[in-house]
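Structure record follows, encoded as structure tokens.
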Amino acid sequence: MRTLVIAEHDKAQLASATLGAITAASRFGGEVDVLVAGDACDAVVAHASTVQFVTRVLKAEASYYGDGTAENIAVLVQRLASGGAYRAVLAGASSFGKGLTPRVAALLDVAPLSEVIAIEAPGRYRRPIYAGNVIVTVESDQPVDVLTVRGTAFDAAADGVGSAAVERIEAADDQGLARVTGREISKSERPELGSAAIVVSGGRGLGSGENYKRLLEPLADTLGAALGASRAAVDAGFVPNDYQVGQTGKIVAPALYIAVGISGAIQHLAGMKDSKVIVAINKDPEAPIFKVADYGLVGDLFEAVPALTGQLAAR
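This is the structure we're talking about:
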């Protein structure tokens with residue numbers, strides 16, 4: 002039994018979502034292939050070949066794969082996965098995976114399965130519904146299952162421990178359906194939000210983007226944490242969209258999640274309630290966030306956050 006993992010990468014290394022998907026693919030009990038489609042992607046192929054559980058790395062190189070557009074990669078995956086070559090095709094539940102897997106499933110004439118959090122057996126999966134309030138078991142008798150898997154539900158496969166074979170494959174034709182005209186990429190020295198061990202998030206209670214930076218950035222820097230935000234804070238323009246944690250943002254499960262001025266709407270809780278320890282700071286004692294918090298502080302965040310930062314910096 003073989004499974005195929007579609008690699009998300011930056012031309013240098015695999016994304017953390019892909020490392021989680023590789024671990025998920027290993028649950029099928031067979032061989033794991035990783036497809037690296039890109040342009041000038043030798044570095045990421047070399048990285049993939051050293052990752053735990055990977056049996057073979059398939060390298061497809063063409064200039065039109067350089068931007069990672071789903072329209073072109075989906076046709077390549079269809080060619081590889083047709084005819085029973087794979088029991089399952091997996092990708093991380095990131096923007097890349099969510100944009101690609103429905104196209105792959107449509108081309109293979111099967112139904113996609115999203116946000117899988119457990120693989121009990123081939124064709125038997127667990128996934129959340131109703132913003133994570135219900136976990137259902139889904140059984141599939143499709144010839145090939147196309148899945149996105151939550152990286153927070155599977156440990157990242159270790160790199161530097163394997164020695165998978167590398168096989169160059171022919172690229173599929175350029176579909177000419179989409180092209181990337183430009184990108185604006187947020188760069189930060191802080192940890193990546195989706196894989197950080199500590200996350201500091203702010204909500205509408207902060208009042209402005211200036212307050213967000215003034216209060217939360219020093220706290221995050223002191224803890225070595227990633228910065229996140231509620232949808233309300235993003236919609237208000239406090240921070241960019243890629244900071245958003247929640248059902249329509251990023252799903253995180255850090256060791257420590259600090260929610261500042263976040264009321265705890267259900268869509269936000271769906272994105273962070275699996276965190277190991279949750280700390281909430283809010284002036285409203287009835288805020289829903291306190292129902293999931295391990296530690297809660299009812300008080301003025303404009304006083305509490307600087308005091309907390311000062312105490313931590315002094316240690």
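Residues in the sequence shown are numbered from 2 upward in steps of one, following the working numbering. We put the CB at the ideal spot given by N, CA and C, even for glycine.
Any idea what DSSP makes of P113, helix, strand or coil? strand
For the pair the stretch 15-35 and the stretch 131-139, tell me if three or more CB-CB distances fall below 8 Å. no
Quick one: residues in its chain with C-beta nearer than 7 Å to the C-beta of D275, no 5 flanking neighbours on either side, listed in chain order? T153 and A254
Nearest to V58 (by Cα), restricted to the options G93, R88, G100 and L15: L15
Taking buried to mean at least 16 other C-beta atoms within 10 Å of its own C-beta, is R169 buried or exposed? exposed
Return the residue from the list I252, D301, R316 and G297 that minimises the CA-CA distance to I118. I252
In the DSSP assignment, find the alpha helix (DSSP H) that holds N134 and state where it starts and stops. Where N134 is concerned, there is no enclosing alpha helix (DSSP H), given that its DSSP letter is neither H nor E.
From the DSSP output, in three-state form, read off Q245 for me. strand
Distance between P103 and I282 (C-alpha atoms, nearest Å): 39 Å
According to the Cβ coordinates, are S50 and S196 closer than 9 Å? no
On the DSSP letters alone, give me the boundaries of the beta strand (DSSP E) that T4 sits inside. R3 to I7
Please report the distance separating the alpha-carbon of N242 from that of K277. 24 Å
What is the DSSP secondary structure of P129, counted as helix, strand or coil? strand
With 16 other Cβ atoms within 10 Å as the buried cut-off, status of S231: buried
Could you round the C-beta distance between Y87 and R3 to whole angstroms and report it? I think they count as a contact, below 8 Å. 5 Å
Please say whether V111 and V55 have beta carbons closer to each other than 9 Å? no
Between the alpha carbons of D43 and A18, how many angstroms are there, rounded? 20 Å
Three-way DSSP call (helix, strand, coil) for G204 in this model: coil
Do G21 and V150 have their C-beta atoms closer together than 9 Å? yes
Using alpha carbons as the reference points, say which of A92, Q53, E171 and V200 lies closest to L77. E171
Beta bridge counterpart(s) of Y213 as assigned by DSSP: Answer is none; Y213 lacks a bridge partner.
With the cut-off set at 9 Å, would you say Y258 and M273 are in Cβ contact? yes
Sorted by chain position, which residues of the same chain lie with C-beta nearer than 7 Å to V167's C-beta, five sequence neighbours on each side aside? V46, S50, V58 and K60
Tell me, to the nearest whole angstrom, how far the beta carbon of S209 is from that of V246; I am working on the premise that it is less than 8 Å. Their Cβ separation, rounded to whole angstroms, is 19 Å, which puts S209 and V246 out of contact at 8 Å.
State the DSSP-derived secondary structure class of L59, mapped to helix, strand or coil. strand
I279 - partner residues in DSSP beta bridges: Y258
So what's K251 in DSSP terms, helix, strand or just coil? strand
For V6 versus L109, is the C-beta distance shorter than 9 Å? no
Among L270, S115 and I74, which one has its Cα closest to the Cα of G93? S115
For I290, which of helix, strand or coil comes out of DSSP? helix
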